Amino acid sequence: MVIVRRAKPEDQGEIERLLREASLDDDGVDKHLEHFFVVEIPPADDETAQMVGAAGMEIYESCALLRSLVVARASWNGEVSWKLMQILLSYAEHLDLEEVYLFANGASPWLQEIGFESVSFDQLPDEIQELPHVDQLKDKGSPLVFRRESCLYH
Numbered sequence: 007m008v009i010v011r012r013a014k015p016e017d018q019g020e021i022e023r024l025l026r027e028a029s030l031d032d033d034g035v036d037k038h039l040e041h042f043f044v045v046e047i048p049p050a051d052d053e054t055a056q057m058v059g060a061a062g063m064e065i066y067e068s069c070a071l072l073r074s075l076v077v078a079r080a081s082w083n084g085e086v087s088w089k090l091m092q093i094l095l096s097y098a099e100h101l102d103l104e105e106v107y108l109f110a111n112g113a114s115p116w117l118q119e120i121g122f123e124s125v126s127f128d129q130l131p132d133e134i135q136e137l138p139h140v141d142q143l144k145d146k147g148s149p150l151v152f153r154r155e156s157c158l159y160h
């Protein structure tokens, strides 16, 4: 069993550690921590809960960039990743965001199944195109960009 909850300021170090261990960019977590969620294994007896995953969004005007969805390899399963995605998309709907963008390192059929569509870098909103880490992804050429319209959240 896992617990998903909103991130707190004291979670930042652990979130950044998980991202680095997964070779993901941890820049900007501090600026967007209020839009992050963490996955924990509940504590047993006198132990503390163990953080095994995190996901967050950068919010811009009427859209968001979903980033940093990470689950520790030992705790990964499709159900945990799917639950995190559902929570993030529900959160985006709660914020009344029109679009949610993300970058994936390959064609992810499950993302397409839930409504994401491929778009080119040119189709990204200006505020997302201008982000330094987006420019780095563009230069690598391997990431794909998916978009989800708010009417597909359900």
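Note that my numbering has the sequence shown beginning at 7, numbered continuously upward.
In this text, a Cβ means the ideal position worked out from N, Cα and C, and glycines have one as well.
No experiment lies behind these values; they were computed from the predicted model shown.
Residue 40 and residue 116 have their C-alpha atoms spaced approximately 27 Å apart. According to DSSP, residue 12 shares a beta bridge with 43.
Shortest Cα-Cα distance from residue 79 to any of 71, 22, 92, 28 involves 28. Where residue 98 is concerned, there is no enclosing beta strand (DSSP E), although the alpha helix (DSSP H) around it starts and stops at 84-100. Going by beta carbons, residue 43 and residue 94 fall inside the 8 Å limit.
With contacts defined by Cβ atoms closer than 8 Å, residue 22 and residue 35 form a contacting pair.
The Cβ-Cβ distance between residue 106 and residue 24 does not fall below 8 Å. With fewer than 16 neighbouring CB atoms inside 10 Å of its own CB, residue 99 falls in the exposed class. Non-local C-beta neighbours of residue 131 in its own chain, meaning closer than 6 Å and more than five positions away in sequence, comprise 69, ordered along the chain.
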